Structures are given as C-alpha cells and as structure tokens.
Amino acid sequence: MMEEKYKILAVDDNPINLKLLSRALINSDYEIHTASSGEEALRIARQVHPDLILLDVIMPGMSGYEVCKKLQENEQTAYIPVIFLSAKNEAVDKAKGLSLGAVDYLTKPFNPLEINARVRTHLSARRSTILLLRKNQELTETINELQKQLDKQIKGQKAINYLHKISSTTFHIVQDSIELYMASKSENLPVTTVHIPVFEGPELVVVLSLHGFEKEYPTLIVEHLVQKFVEGFFKGLATDALKVNESILTHLFNTLIDRFSPDIYQVAFTFSLSIFDLKQKQMYFYGLNQNTPFEISPGKEPDWIKGKAILIDSELRNFITAIRLPLHSEQRFVHYLSAQSDLNNTLYEQVFIPALTQNQYDLQKSVLWLDDRLPAGKNDQAFLIVSVK
Numbered sequence: 126m127m128e129e130k131y132k133i134l135a136v137d138d139n140p141i142n143l144k145l146l147s148r149a150l151i152n153s154d155y156e157i158h159t160a161s162s163g164e165e166a167l168r169i170a171r172q173v174h175p176d177l178i179l180l181d182v183i184m185p186g187m188s189g190y191e192v193c194k195k196l197q198e199n200e201q202t203a204y205i206p207v208i209f210l211s212a213k214n215e216a217v218d219k220a221k222g223l224s225l226g227a228v229d230y231l232t233k234p235f236n237p238l239e240i241n242a243r244v245r246t247h248l249s250a251r252r253s254t255i256l257l258l259r260k261n262q263e264l265t266e267t268i269n270e271l272q273k274q275l276d277k278q279i280k281g282q283k284a285i286n287y288l289h290k291i292s293s294t295t296f297h298i299v300q301d302s303i304e305l306y307m308a309s310k311s312e313n314l315p316v317t318t319v320h321i322p323v324f325e326g327p328e329l330v331v332v333l334s335l336h337g338f339e340k341e342y343p344t345l346i347v348e349h350l351v352q353k354f355v356e357g358f359f360k361g362l363a364t365d366a367l368k369v370n371e372s373i374l375t376h377l378f379n380t381l382i383d384r385f386s387p388d389i390y391q392v393a394f395t396f397s398l399s400i401f402d403l404k405q406k407q408m409y410f411y412g413l414n415q416n417t418p419f420e421i422s423p424g425k426e427p428d429w430i431k432g433k434a435i436l437i438d439s440e441l442r443n444f445i446t447a448i449r450l451p452l453h454s455e456q457r458f459v460h461y462l463s464a465q466s467d468l469n470n471t472l473y474e475q476v477f478i479p480a481l482t483q484n485q486y487d488l489q490k491s492v493l494w495l496d497d498r499l500p501a502g503k504n505d506q507a508f509l510i511v512s513v514k
C-alpha cells in the first residue's frame, strides 16, 4: 500500500490551464503542485521530488524542452517522468520531446477522463520505482543522522566501545528450507571483513559480505552504514509487500555503488549481496571486486557458482559480477573472504572441500572442522556456508 500520496507537478504559464489541470486531477491519492514558469518548475521539482510532471511545451522564457533537458541533467530529478502538454495548433516536435525523456504527450484543451487515465497508467507502471525512491530518501536521512551521531563519538574510547558493541562476527540461521553459518576470524580488532545477515524471513534471506582493505575504525563505521542501509531497504520491501526481482536488486546494487563510493568516504572496501529467494527457489549474487561463492554439493564437481548473467549499467561493470541461478535441495555454498585478493581454487580444495566431504556435508560439523583448521591471523578472514535443504 502507498502510505503517501502521489505527487504531481503541473507546469503551464496560463493560470486557467493550471486550474483546469488541478480540477481534472482531483483524487484522494494525488498531491498537486503547480508552477507557472520553467524556472519555478525546476525549483519545485528539486524541493518536492514529484512522481510525475505535466509540462507545457510552449512557454515564455524557458520552454518545456529546456525544462525537460535541465531535469535530466540533475541527478535529483533525472528519474521523474514527464508528460508534455501542447495545443492542437502548436507546432511541437514530438520526437524531440521523447528523445529528451518525455514519456507521453497530451493535447489541450484537456479531456479530464483522458488526463486521469494517462496519469494513472504512468504512475501505476512506476509504482515499485516510486516506492524504492522514497525508501532510499528515508534511508538517506536515517544514514545522515546516524553519521552525525557517530561523528560526535568518533574521538576517544567511547566511539570504539560503541563500534565493538554493534559489531558481531558470527551468525547462525536455521530455517525449514535453508541453513547458513557466518564467521570471521582475526587476532586484532576491529574486524572489517564479515558476512552479515541483513534480512531473514521465511521466503527470503539476504547476506551482505564486506571486505575492508584496512583494519581501521573509519572503515568499520562506513561498513556499518552500508549494513543499516541494506537492512532498511529490505525491511521497506517487506512492509510494502514488494516481491524481490532482478530489477529491484539491480537498483539496490547500483544505489550502494553510488552512495558508498570510496571517493565520498575515503575508505576502501568491497562488498557483495547473496540473496536467497526461497519462494521462487532462486539465488542472486551481486559482487563488486569479490569472488563468487563456491559450490560444493553432493554428487557435483566443486566449482564457482554459475548461472545467468545479470547486466549492470555502471562505469564499474568490469569489476562487477552479477548472476542468478536456481536453488534446489542438497546444494552447499561456501563464500570465503580474506586479504588475498586473487583467490583461486587451492584454498577451497585444501580446506573447504574436505570440510564438507569428510563431514558428510553436515553444516555444523563442517563449521567445527573449519574452526580448527583456519587459525586466526593478523589479517581478517571470513566464511559463509550455506546448506539448501
């Protein structure tokens, strides 16, 4: 359910047209904002982040085409769909409008039924995206507040004690259809290489894997912000009853890349998401500069997981691995992280394959076996073992 109204911005230099639009769109689900010029439209768009813009093409000063172009150039407004408004006797270049990002055209004088139908169609088609954008905005505000709180505590032992309190390195999840065990080992604090369950439900389990290049508290702080962002994202999906799919997960992954760039926080780390959709029996893996999990299942040759590649539109696409594969009973996956960036098959052959095969693929016995044979060192190491039942 939409908790907030859809926000619509109507832009026309004729006040009569604005009144007609506002009356035509009287709906308990709509919050109407109006602007009588291009400059005013851009200002309001940046302030209220409308879900849809109805934009007159021919206006004095800045035309609708210019407004649309400036909307596309601003990352805060580039995602907003635009429906152009034009009179029957106006010479408008529809191809130009569509190339600038417009999604539709409406002709004046307005037909209230047509306006409502077109608006409802475009808003319905973008409902999931609108919800995700609103959740992102809420999470950004939460993260900013958390960052302020942490900044106040960053100096002194109080901050270190706080980080130790909120940082866990061992997790065990047991459900009817899946079991997961996550552990990190290190001689020194802070531990910045971890697998963390960020969402756990009967139909969905999500693990965030983080590998910090430095064992330092600024890295731990940023990783904690990433964790809280992802937790909030999936909690929001569950609240709004949205189903996980490739589009939503790709949107999340791209958002993480943009929001937590090393250029912003001046700390270096890699991350990945392992998503287990237990209802649809699908596994998704999205990784930035991380190896994929390794499959060690009964009756199958051990190897890196393989599946359908997911295309990621990012400047970092050469450093990203994104795949989707089916889940079935008896599968076993291991995801190991360490300071060794170029991880090959050797460690899996010498440690993880024996851990599972010599313990009849029993997860808990395998974990105990690993705990004895992966001694803690100066550098962090973390492993995740997954058993699909």
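Numbers in our numbering are just positions in the sequence shown, counted from 1, shifted up by 125. Note that beta-carbon positions come from the ideal geometry of N, C-alpha and C, so glycine has one too. Bear in mind the structure is a predicted one, so any value in this text is a computation, not a measurement.
C-alpha distance - residue i paired with residue j, whole-angstrom precision
i, j, result
"K543", "I346", "In the structure displayed, the chain extends from 126 to 514; residue 543 sits before or after that span and is not available."
"E312", "Q407", "36 Å"
"G281", "F477", "Because the pLDDT of G281 is 46, which lies under 50, any placement of that residue in the model is unreliable, and the number read from its coordinates should be weighed accordingly. Taking the straight line joining both Cα atoms gives about 40 Å."
"V332", "Q456", "17 Å"
"G186", "D138", "10 Å"
"Y204", "S249", "15 Å"
"H289", "L167", "With a pLDDT of 45 at H289, under the threshold of 50, the modelled position of this residue cannot be trusted, and the question is left open."
"V459", "L335", "15 Å"
"N504", "T417", "20 Å"
"L314", "Y342", "9 Å"
"I285", "Y131", "Here I285 scores only 46 on pLDDT, less than 50, and its place in the model should not be relied on; the value that follows carries that caveat. If you take the alpha carbons of I285 and Y131, they lie about 43 Å apart."
"L481", "L452", "19 Å"
"I141", "T380", "41 Å"
"Q415", "V228", "38 Å"
"L143", "Q405", "47 Å"
"V511", "I400", "12 Å"
"E328", "F296", "19 Å"
"L374", "L223", "28 Å"
"E165", "Q197", "16 Å"
"L398", "A160", "42 Å"
"S302", "I169", "49 Å"
"S463", "N370", "30 Å"
"S454", "L509", "18 Å"
"M184", "G163", "8 Å"
"V299", "E420", "19 Å"
"E348", "T317", "8 Å"
"K219", "L450", "42 Å"
"A308", "L231", "58 Å"
Candidates the options, of which the one nearest residue i by Cα
i, options, result
"G412", "I437, V392, T446", "T446"
"D497", "K310, D229, M184", "K310"
"G189", "K221, H158, I437", "K221"
"H247", "F235, I303, E200, I208", "I208"
"V182", "P451, C193, V173", "C193"
"L305", "A363, G326, G226", "G326"
"L225", "N370, L374, Q415, P206", "P206"
"D176", "F296, E348, S454, T202", "T202"
"E156", "L134, P322, I169", "L134"
"N241", "S147, V492, L441", "S147"
"L436", "K425, F410, S422", "F410"
"I448", "K368, G337, S372, L179", "S372"
"L472", "V511, L179, S454, D428", "D428"
"V136", "W494, V173, L180, L150", "L180"
"A149", "R243, E164, I382", "R243"
"P234", "I169, L210, H320", "L210"
"I178", "N236, A308, R245, A212", "R245"
"P387", "Q352, F419, G337, E420", "G337"
"N484", "F419, A363, P423, V316", "P423"
"E200", "R384, H320, Q489, P479", "R384"
"L441", "E426, D402, F378", "F378"
"R171", "K195, D154, E191", "K195"
"V513", "L362, L488, E191, Y390", "L488"
"K360", "F324, N470, K490", "F324"
DSSP bridge partner residues for residue i (one or two, in chain order)
i, result
"L248", "Answer is none; L248 lacks a bridge partner."
"I205", "In the DSSP output, where bridge partners are listed per residue, I205 has none listed."
"A166", "BP columns for A166 are empty, so no partner."
"Q506", "K310, S463"
"E156", "K132"
"P451", "Q407"
"K433", "R449"
"R171", "Answer is none; R171 lacks a bridge partner."
"R457", "S512"
"I303", "V513"
"A480", "Its beta-bridge partners do not exist; DSSP assigns none."
"F358", "Looking at the DSSP assignment, F358 forms no beta bridge with any residue, so it has no partner."
"F296", "M307"
"A212", "K233"
8 Å Cβ cutoff, residue i in contact with chain B
i, result
"A308", "This model lacks chain B altogether, as it is built from one protein chain only."
Exercise for the section: Mind the definition here: the stretch 352-362 touches the stretch 430-448 only if three or more C-beta pairs lie below 8 Å; say whether that holds. Expected result: These segments do not touch.
Handout entry: Those runs of the beta strand (DSSP E) which lie wholly inside the stretch 363-425 and span at least 3 residues
Key = Listed in chain order, the beta strand (DSSP E) elements of length 3 or more contained wholly in the stretch 363-425 are 394-402, 407-413.
Problem - Runs of beta strand (DSSP E) wholly within the stretch 314-356 (minimum 3 residues, chain order) - result: Counting only runs of at least 3 residues, the stretch 314-356 fully encloses the following beta strand (DSSP E) elements, listed from N- to C-terminal order: 318-325, 329-337.
Exercise for the section: Can you check the stretch 219-247 for any alpha helix (DSSP H) of at least 4 residues that lies completely inside it and give the ranges in chain order? Expected result: Runs found: 219-224.
Handout entry: Inside the stretch 173-201 only - alpha helix (DSSP H) runs reaching at least 4 residues
Key = As far as the stretch 173-201 is concerned, its whole alpha helix (DSSP H) runs of at least 4 residues are 189-198.
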